[in-house]
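Step one of this worksheet: look at the structure below.
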Amino acid sequence: IRDLAKKVELTVFPCRPETTDPEGWKYLTQGSAILHPAWSENLMDEWYQSEGNFFLCDLGGDMICWAAERGVAIQGAMEGTTSGIKAIASLSEKPEFRIVDWNSAPLKLEIHNEKMVGFSLWQTFTEVTRLSLHGKSVGVLGYGLVGKGIARTARALGGSVSVYDPDARRSTCASYEGFCCPGRAEVLQSEVVVTSTGVYGALKEEDMPLFTEGAFVLNAGHSEDEIHEAIRDHSSRRKVLEHVEELNPDLGKPFFLLARGRLLNLAAGFGDTINAFDVTSAILVETLADLLAQDS
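In our numbering, the protein residues as written are 13 to 308.
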């Protein structure tokens, strides 16, 4: 990123301050990139007031959706998440600029989505809770590539894994891999519940009575919004350990929420290993270089 900033005017918006690596951010401050603490529509409006050709390198689709909804003149954009691609596809007004879907690059899908999220998620779970998955029931909501990797890794680490996905095809595939696929309510009664759906409000306030006493609830999806704010901001929250809060709802039993519902492997861990993220970063940089080259 610092090298790129020598050639173009580069503005960086973190998706969330809570999932921003402080060492990486410190490194960027030593270069010429324009840094903002967090993304917002107001900051994007200010960014677009400057002169020149505009390109978007997005992770999550927020910036591309902003540009499409306002009809602003963007020369090109790229998106690197499954949930971001879905958000763009659902827009009522289709973008009039070129969008490169680098999330669908086979290496990105197979290394990051399918393998590394599950690996880093459960590593972080153990570091945060000081528990292993041995002998624990694990419920996974969502069986896309990320959910698949989460379920496989949990089983390899000794967990008894059940899966729920409203897509019958995905549920069938999960059952053919040997995972138990009961109804949603049964999955939510697991000792460890993880959401990886990319859907807003995948866990709702009315789900809390379903959680078993002492259950761990965590998120590995698109953003903390997968877990409804009524859970994340519940008045009974009590800090137990760093990144571990106990909730004691009036209706239901006490359970633990990890990292305030944010992506656990990013908010409380290091995310992908360096060797794996090198591959993802290389795909990102090559895609961006191609996008800029085609414009010139």
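All residues carry an ideal CB built from backbone N, CA and C; glycine is no exception.
These numbers come from a predicted model, not from an experiment.
Out of the options, point me to the one whose CA is closest to residue i's CA.
i	options	result
I76	P49, E108, T165 and L47	E108
A271	D262, E126, R250 and N260	R250
E63	E21, S235 and E91	E21
F25	I123, D57 and A85	D57
S246	P118, A301, V112 and M220	Correcting the residue type first, residue 246 is His in the shown sequence and not Ser. Answer by Cα proximity: M220.
L55	Y39, T23, E236 and E189	T23
A168	Y176, S183, L40 and S144	S144
G190	R196, E218, S172 and A180	S172
E122	I295, L303 and E30	I295
D284	R110, D33, Y60 and E53	D33
A45	D15, Y60 and E30	D15
V152	L259, E126 and R196	R196
Is residue i near residue j, with beta carbons less than 8 Å apart?
i	j	result
G154	T94	no
G210	K120	no
M90	D74	no
N65	Q42	no
T292	V112	no
G130	N115	no
S174	C192	yes
G213	H240	yes
A242	E217	yes
Under 8 Å by Cβ, that's how I've got residue i and residue j pegged, so tell me the actual separation to the nearest angstrom.
i	j	result
A232	V158	6 Å
L215	E198	Not quite, the Cβ-Cβ distance comes to about 15 Å (not below 8 Å), so this is no contact.
V256	T141	6 Å
G281	S132	6 Å
R244	E254	The Cβ separation is near 17 Å, so there is no contact.
Taking the alpha helix (DSSP H) that residue i belongs to, which residues open and close that run?
i	result
E21	Element bounds for E21: n/a, residue is neither H nor E.
D70	No alpha helix (DSSP H) contains D70, which is instead part of the beta strand (DSSP E) from F67 to D70.
K160	L157 to A168
I243	E241 to R244
F137	V129 to T141
G88	Careful: G88 lies outside any alpha helix (DSSP H), inside the beta strand (DSSP E) at G88 to E91.
Note the first and the last residue of the continuous beta strand (DSSP E) segment covering residue i.
i	result
S149	S149 to L153
N260	Segment: none, N260 is in no beta strand (DSSP E) and carries neither H nor E.
T207	V204 to T207
D177	Per DSSP, D177 belongs to no beta strand (DSSP E) and is neither H nor E.
I111	I111 to D113
R250	R250 to L253
N125	That residue, N125, is in no beta strand (DSSP E); it is neither H nor E in DSSP.
V229	F228 to N231
L121	Careful: L121 lies outside any beta strand (DSSP E) and carries neither H nor E.
- prompt: Quick one: any contact between the stretch 139–151 and the stretch 288–302, if contact means 3 or more CB pairs under 8 Å?
  reply: no
- prompt: Counting pairs of Cβ atoms below 8 Å between the stretch 252–270 and the stretch 224–231, do you hit three or more?
  reply: yes
query: Pairing CB atoms from the stretch 102–118 with CB atoms from the stretch 68–87, are three or more of them under 8 Å?
result: Taking 8 Å as the limit for Cβ pairs, the verdict is that the stretch 68–87 does touch the stretch 102–118.
- prompt: Contact between the stretch 276–286 and the stretch 130–141: three or more CB pairs below 8 Å?
  reply: yes
task: Decide if the stretch 159–167 is in contact with the stretch 243–263; the criterion is three or more beta carbon pairs, one per stretch, under 8 Å apart.
output: no
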